[in-house]
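A.B. asks:
Numbering (the UniProt record's numbering), first residue to last: 1 to 361.
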C-alpha cells in the first residue's frame, strides 16, 4: 500500500511540475513559434472607401503634423507602438509624423514589469524601420519632458514635485505634454495604440467622447496652434490636478473643461460643431469616427471570431483605438487586432517575426 501511495504521489507531483512548465512556456514562448503551424487568415481591410475626407479638403499649416509621445524615458519602441506610427504614416504620407521621446526616465519601477508582456518588448529595430522606410515623413525627437514642462503653464506642478512623485507620473506627464505640443505647434495627437485606416487631413479642432459619460477622449485630438481652448483647458487642469488620480489630467477633467468653455449644460455630449468662448469653434466627432469598437466590446480585438461586432461602423471610421493593447494583452495571429495590424502596419508585423522579438506582436 505504501509503495502504491508513493507511486501515485510521484505521478501527481510530476503532473504539477509538467503543468507549471507548460504554464511558463505559454507565458514566455515566442509568439511566432507558438503559432507557426497555424494557417493565417487574410489581413483584414476595413469596409468602406479609401478616404472619407472630401476631395477638396486641405490641411492648414497648423494641422499638417501628427504627434506621438513616449513618456517613460525608454529610447526604443515596442512593436505595437511602431504599428500605430506605421499605420499613420501610410494613411497620411503628406503629413509630418513626429515621435517625441522623453530622455528623462520617470515612473515607479513597476512600470518596467510591462516590458515582459506580449507586444511590450522594446527594440530599436522598430525605430530604425520607421526612419528608413518612412524617412520622408517620420521624425524622432528626443527631449527632456520635465524641462519642457518647466517652461510652460505646468511649471508650478513641476516645482511642487507632484509630477515626479506621483505613482501615475508617466500617464500624467504624457497628458500634459500632448496639450503643450498642440498649443505650441498645432496638429494631431494620437496615442500609440491606435491603428489608422484613412487620411485625417479634413479633421479640424476637435476630439471625441464617451456616449455614456461626459468625458472627452484625449488619445485622439486635432487642434490649431494657440487655439483658445487649450490655454483654458491647461489652466483648468492646473486647478483640479490630483497627483493620486491616474486620469487627473485626462478624460473626466477634459470633459468638464469643455462643458465650461462651450457652455454646455446637457449631461451627455452630442456630436457636431459647437460655438464656444473667445469666438472659437470646437467639433465633437461621433465615437464611430475613432472608436468603431467600443471599450465594452474590446474582447473582439483579441478573438479569432468576432460574431456580433457591427463592422459597418468601420465604414466611417478614420481609425480605431485598440483597448488594452498597450498593456500587453496577448493576441492570436488570427485575431481582429492581428489581422488589422497585418493590413495597416505590415512592415512592423513582418519585422516582429523576422527579428524574433520575444513574446512577439
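For glycine and all other residues, C-beta sits at the position ideal for the given N, C-alpha and C. Note that the structure is a prediction, hence the values are computed from the model and not measured.
Grab the span of the beta strand (DSSP E) containing residue 276 for me, first residue to last.
C.D. replies: Residues 272-276.
A.B. asks: Should the stretch 172-192 be regarded as contacting the stretch 219-239, the criterion being three or more beta carbon pairs within less than 8 Å?
C.D. replies: The stretch 172-192 vs the stretch 219-239: in contact.
A.B. asks: Candidates 349, 250, 153 and 40: which alpha carbon is nearest residue 168's?
C.D. replies: Checked all of 349, 250, 153 and 40; the closest Cα to residue 168 is 250.
A.B. asks: Three Cβ pairs or more, each shorter than 8 Å: is that satisfied between the stretch 261-278 and the stretch 206-216?
C.D. replies: The stretch 261-278 vs the stretch 206-216: in contact.
A.B. asks: How long is the line joining the alpha carbons of residue 23 and residue 286, rounded to whole angstroms?
C.D. replies: Since pLDDT at residue 23 reaches only 32, below the 50 mark, its modelled position is unreliable, and no value is offered.
A.B. asks: What residues are listed by DSSP as bridge partners for residue 221?
C.D. replies: Per DSSP, 189 and 207.
A.B. asks: So for residue 66, helix, strand or coil by DSSP?
C.D. replies: Correct three-state label for residue 66: strand.
A.B. asks: Exposed or buried, what is residue 68 when buried is set at 16 or more other beta-carbons lying within 10 Å of its beta-carbon?
C.D. replies: Under this definition residue 68 is a buried residue.
A.B. asks: Report the three-state DSSP secondary structure of residue 265 (helix, strand or coil).
C.D. replies: Reduced to three states, the DSSP call for residue 265 is coil.
A.B. asks: Taking 8 Å as the limit between beta carbons, can you name the residues of its chain near residue 47, skipping five residues before and five after?
C.D. replies: Within the same chain, residue 47 has close Cβ partners 311, 312, 314 and 315.
A.B. asks: Beta-carbon within less than 7 Å of residue 17's beta-carbon, same chain only, minus the 5 sequence neighbours each way: which residues are those?
C.D. replies: Confidence at residue 17 is low in this model, with a pLDDT of 31, below 50, so its placement is unreliable and the value that follows should be read with caution. So no residue of the chain qualifies.
A.B. asks: Which residues bound the alpha helix (DSSP H) around residue 300?
C.D. replies: It spans 299-302 - the alpha helix (DSSP H) in which residue 300 sits, taken as one unbroken run.
A.B. asks: Using the three-state DSSP reduction, which class does residue 234 fall into: helix, strand or coil?
C.D. replies: Reduced to three states, the DSSP call for residue 234 is helix.
A.B. asks: Starting from residue 144 and walking both ways along the beta strand (DSSP E), at which residues does that stretch end?
C.D. replies: Taken as a continuous stretch (DSSP letters only), residue 144 belongs to no beta strand (DSSP E), as it is neither H nor E.
A.B. asks: Below 8 Å on the Cβ atoms is my contact criterion, and I expect residue 304 with residue 265 to pass it. Report the Cβ-Cβ distance as a whole number of Å.
C.D. replies: Between residue 265 and residue 304 the Cβ distance is about 45 Å, and since that is not below 8 Å, they are no contact.
A.B. asks: So does the stretch 139-156 actually touch the stretch 234-251, counting three or more Cβ pairs closer than 8 Å?
C.D. replies: Segments in contact, yes.
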